[in-house]
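Here's the structure we're looking at; comments come further down.
In UniProt numbering, the protein residues as written are 1 to 407.
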């Protein structure tokens, strides 16, 4: 019974909760014993029962101190003072009436039960059981001494014995539950670790598949569609940068890059570099909207957005039959929205095969991995619109003013 707490905190929390519960029960027993004494006093005013009420006051005080600070000192003090209180309480009743028919009743049982519920110092059910046993023995001995002193016959108190047995069973059950939880804790941690590793592996596989599609496959297409001869300098630079990224394995880390939209210039952003690369491939790209909204994106979100938009632009170039596209940027209070629009041939979104990596891996899964969403609208013969939404924090003030066109 670890209650979902760390292993080093669970035993202490469970023990403290159980001790608080039995202390409340002890207070109820002591208050009940006082009420019983007052009831006897009102029923037989010619007898003297009120000293029994006073006898329990010190016991209540020490119980309060024990609950506030469950130390060995207060635990032993509660047993000593509680034993004296039980003795005086039992002596008061035994000296005023014949306990022969009351020995098993609440007349003397309630203070003894309260003394048994000492709780005591220490962590765990074994410590609590030792204190409960000590309290039970002290209470029975004090009651026995008081009754014998008045020359009455002592009989076993069934109520006190039953209360002790119930308390012992609860403590043993709690101890067995904690033992089982301790045995299961390593297995739970192992399962959590394996789940985390599986999630990280899945994320790395998605990132690797998307990056492979974005670099190798796209570059092969561009090279195949290029005119014979030497590649353009910008295209060579782009291919070299992507190959260096794959070889250097920098894509494996999720740490934010220092150059990821940390400045105040749209021309320093990842998305602007993506637009330049698309233009180098021969696509006319027009960017409009609030480009300063990109400054609110963190490093990983900025780079993943740029890669997803790049794949959208590559799809325009390779599949739409159109040579131009528009990238619209909009910043809301809690999100950044980027729309890629083309007027090409369009396609049926339901007809995309499950083995296609473009939209599925390089766009949808990539954006969803950083907490965003993707919506695709496409109609045959009318073009395609892809909307990418990424959650961001509150907008920060920036010096540049967004323009209608950010070419």
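Note that the Cβ used here is the ideal one computed from N, Cα and C, for glycine as well.
Helix, strand or coil at residue i [DSSP, three-state]
{"i": "residue 284", "result": "strand"}
{"i": "residue 48", "result": "coil"}
{"i": "residue 325", "result": "strand"}
{"i": "residue 373", "result": "strand"}
{"i": "residue 76", "result": "helix"}
{"i": "residue 389", "result": "strand"}
{"i": "residue 289", "result": "strand"}
{"i": "residue 348", "result": "coil"}
{"i": "residue 67", "result": "helix"}
{"i": "residue 2", "result": "Residue confidence is low: residue 2 scores 47 on pLDDT, short of 50, so the model does not pin down where it sits. No coordinate-derived value is stated."}
{"i": "residue 265", "result": "coil"}
{"i": "residue 259", "result": "Because residue 259 carries a pLDDT of 46, less than 50, the predicted location of this residue cannot be relied on, and no value is offered for it."}
{"i": "residue 152", "result": "coil"}
{"i": "residue 103", "result": "Low confidence applies to residue 103: its pLDDT is 47, below 50, so where it sits in the model is not reliable, and the reading given next is rough at best. Three-state DSSP puts residue 103 in coil, outside helix and strand."}
{"i": "residue 422", "result": "Since the displayed the chain opens at 1 and closes at 407, residue 422 lies outside it and no answer follows."}
{"i": "residue 270", "result": "helix"}
{"i": "residue 97", "result": "coil"}
{"i": "residue 57", "result": "helix"}
{"i": "residue 298", "result": "coil"}
{"i": "residue 118", "result": "coil"}
Bridge partner(s) assigned by DSSP for residue i
{"i": "residue 426", "result": "Because the chain is modelled from 1 through 407, residue 426 falls outside the range shown and cannot be assessed."}
{"i": "residue 32", "result": "Residue 32 is not bridged to any residue."}
{"i": "residue 330", "result": "337"}
{"i": "residue 379", "result": "383"}
{"i": "residue 342", "result": "384"}
Cβ-Cβ distance between residue i and residue j below 8 Å
{"i": "residue 143", "j": "residue 112", "result": "yes"}
{"i": "residue 92", "j": "residue 52", "result": "yes"}
{"i": "residue 346", "j": "residue 378", "result": "yes"}
{"i": "residue 390", "j": "residue 326", "result": "no"}
{"i": "residue 171", "j": "residue 129", "result": "yes"}
{"i": "residue 110", "j": "residue 29", "result": "yes"}
{"i": "residue 301", "j": "residue 363", "result": "no"}
{"i": "residue 70", "j": "residue 147", "result": "no"}
{"i": "residue 387", "j": "residue 297", "result": "no"}
{"i": "residue 116", "j": "residue 164", "result": "yes"}
{"i": "residue 87", "j": "residue 145", "result": "yes"}
{"i": "residue 307", "j": "residue 366", "result": "yes"}
{"i": "residue 305", "j": "residue 271", "result": "yes"}
{"i": "residue 74", "j": "residue 61", "result": "no"}
{"i": "residue 331", "j": "residue 286", "result": "no"}
{"i": "residue 36", "j": "residue 107", "result": "yes"}
{"i": "residue 114", "j": "residue 169", "result": "no"}
{"i": "residue 67", "j": "residue 152", "result": "no"}
Presumed contact (8 Å Cβ cut-off) between residue i and residue j, rounded CB distance
{"i": "residue 320", "j": "residue 384", "result": "7 Å"}
{"i": "residue 283", "j": "residue 329", "result": "Their Cβ separation, rounded to whole angstroms, is 17 Å, which puts residue 283 and residue 329 out of contact at 8 Å."}
{"i": "residue 340", "j": "residue 313", "result": "7 Å"}
{"i": "residue 22", "j": "residue 119", "result": "5 Å"}
{"i": "residue 78", "j": "residue 33", "result": "Not a contact, Cβ separation roughly 16 Å."}
{"i": "residue 160", "j": "residue 132", "result": "With a Cβ gap of about 12 Å, residue 160 and residue 132 do not count as contacting."}
{"i": "residue 343", "j": "residue 322", "result": "6 Å"}
{"i": "residue 361", "j": "residue 200", "result": "Between residue 200 and residue 361 the Cβ distance is about 17 Å, and since that is not below 8 Å, they are no contact."}
{"i": "residue 125", "j": "residue 95", "result": "Actually they do not touch by this definition, with Cβ atoms about 39 Å apart."}
{"i": "residue 310", "j": "residue 274", "result": "4 Å"}
Residue i Cβ short of 7 Å to the ligand SAM heavy atom set
{"i": "residue 129", "result": "The ligand SAM is absent from the structure shown, which contains no ligand whatsoever."}
Inspect the CB distances between the segment 74 to 83 and the segment 37 to 47 and report whether three or more fall short of 8 Å.
Result no; under three Cβ-Cβ pairs closer than 8 Å.
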